[in-house]
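Numbering (our numbering), first residue to last: 3 to 225.
Reading through the structure tokens given below for one structure.
Next comes the structure, spelled out in structure tokens:
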């Protein structure tokens with residue numbers, strides 16, 4: 003059995019330029035022919051300057067961007083052409099922590115409901131167990147358990163960033179994609195949080211996108 007969990011082959015993600023004409027379309031080549039492999043259980047880091055396509059690549063890996071060409075294999079399964087319905091089973095295996103946490107929350111939902119929604123959707127817990135499950139996950143990412151009764155707008159940017167990590171971990175995914183998730187955290191908090199994640203997800207593959215070389219300096223593989 004292969005120890006490769008994720009394989010990306012010649013991946014391209016192009017965006018058409020508005021207003022290009024004269025019979026010739028122009029494109030922004032956000033990702034242009036990227037190939038790599040990620041081993042099971044490793045920490046894989048991608049570092050680069052702002053605007054170089056890191057986030058687009060991460061979103062492309064979990065099919066949140068339309069792929070222009072290339073292939074994405076997850077645990078040997080080619081998910082490149084999967085539609086939304088077929089991707090539902092893949093979503094259990096791949097979770098993403100977004101760079102802008104605020105945009106990924108429903109502002110009318112309490113933290114307890116935000117964190118536990120994936121568990122409720124897949125019948126992993128009963129309604130009576132939501133509070134205990136939420137508190138456990140919040141404490142794992144260094145947030146007080148009583149934050150369960152708050153709303154996203156009652157939290158700081160760094161706290162919301164940690165909340166996105168808690169929500170991503172709730173389904174025990176095979177691979178966790180972290181898109182510059184340290185951007186709203188100071189260095190000390192970032193280091194403690196990464197240590198806590200590794201202690202609680204020993205068998206999980208972590209795919210980190212960052213502008214900070216320090217964030218991925220301990221990664222097993224760096225691209």
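All C-beta atoms in this analysis are idealised placements derived from N, C-alpha and C, irrespective of residue type, glycine included.
Note that this is a predicted model, so its numbers are computed, not measured.
TODO: Take residue 106 and list the residues in its own chain whose beta-carbon comes closer than 7 Å to its own, dropping the five residues that flank it on each side.
DONE: 100, 166
Task: Closest residue to residue 177 among 41, 12, 32 (Cα-Cα distance) - done: 41
TODO: Going by CA-CA distance only, name the one from 123, 142, 118, 145 that's closest to residue 132.
DONE: 118
Open item on the list: Along the chain, where does the alpha helix (DSSP H) containing residue 212 start, and where does it finish?
Closed with: Taken as a continuous stretch (DSSP letters only), residue 212 belongs to no alpha helix (DSSP H), being part of the beta strand (DSSP E) at 207-212.
TODO: Within the segment 52-119, note down every full beta strand (DSSP E) run reaching 3 residues or more, in order along the chain.
DONE: 71-76, 96-99
TODO: Give a yes or no on whether the minimum CB-CB distance between residue 139 and chain B is below 9 Å.
DONE: Of the chains in the structure shown, none is chain B; there is only one protein chain.
TODO: Look at the alpha carbon of residue 218 and the alpha carbon of residue 208, and state the distance between them as a whole number of angstroms.
DONE: 11 Å
Task: CA-to-CA distance, residue 197 to residue 136, given in whole angstroms - done: 20 Å
TODO: Could you name the residues of the same chain whose beta carbon sits closer than 7 Å to that of residue 212, not counting the 5 residues immediately before and after it, in chain order?
DONE: 47, 49, 182, 184, 218
Open item on the list: Quick check: residue 32 and residue 58, are their CB atoms within less than 9 Å of each other?
Closed with: yes
TODO: Could you check the C-alpha separation between residue 116 and residue 16 for me, to the nearest Å?
DONE: 33 Å
- [ ] Quick one: give me the first and last residue of the alpha helix (DSSP H) that residue 141 is part of.
- [x] 132-142
Task: Length of the line joining the Cα atoms of residue 144 and residue 86 - done: 34 Å
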